[in-house]
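Input: a single structure, listed below in structure tokens.
Numbering (my numbering), first residue to last: 380 to 506.
Quick look at the structure:
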């Protein structure tokens with residue numbers, strides 16, 4: 380079983396509705412909640428295999444499987460995505476950014492990594 384946890388800050392200059400849309404550009408049909416503290420809002424979402432399937436599709440379409448494999452290691456299924464690139468449905472791995480990043484944690488196993496970001500040869504997945 381695979382579990383996907385996503386979180387991203389919502390800054391005062393951002394629309395909560397728009398940030399939800401941005402996250403849903405990369406992850407379909409999420410259960411989204413907004414935590415509102417005195418200092419900032421945080422969007423949190425949970426998903427499952429369906430979100431992995433869609434994320435895999437995007438990785439393969441953009442031909443960034445090798446990049447994804449270099450960021451996602453055997454013991455670490457945590458990575459950050461650029462919020463601005465997500466506005467147009469693009470995946471861009473990023474450590475930080477002016478609007479924060481979309482933090483993704485995937486609870487799975489090595490097979491999940493191999494499925495999400497398959498090894499490639501000449502840009503094509505190796506089966």
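C-beta atoms are modelled at their ideal positions from N, C-alpha and C, and glycine is treated no differently. The model shown is predicted, which means the values in this text are computed figures rather than measured ones.
Residue 392 and residue 501 have their C-alpha atoms some 42 Å from each other. In this chain, residue 481 is not harboured by any alpha helix (DSSP H); it is covered by the beta strand (DSSP E) spanning 480–486.
About 7 Å separates the beta carbon of residue 386 from that of residue 422, a gap short enough to meet the 8 Å contact definition. Note that the region 389–408 touches the region 464–483; at least 3 beta-carbon pairs, one per stretch, sit closer than 8 Å. Boundaries for residue 386: no alpha helix (DSSP H) harbours it, while the beta strand (DSSP E) harbouring it runs 382–389, taken from the DSSP string. Under the rule that a run must span 3 or more residues, the beta strand (DSSP E) segments found entirely inside the region 441–465 read 457–461. Residue 410 places its beta carbon less than 8 Å from that of residue 424. Under the three-state reduction of DSSP, residue 415 is assigned to strand.
The three-state secondary structure of residue 409, taken from DSSP, is coil. When the Cα atoms are used, residue 495 and residue 394 turn out to be separated by approximately 30 Å. Counting every other CB atom within 10 Å of its CB across the protein chains shown gives residue 444 a total of 16 or more, marking it as buried. Relative to residue 429, the option among 504, 469, 503 and 384 whose CA is nearest is 384. Cβ atoms of residue 460 and residue 485 stay farther apart than 8 Å, at about 12 Å.
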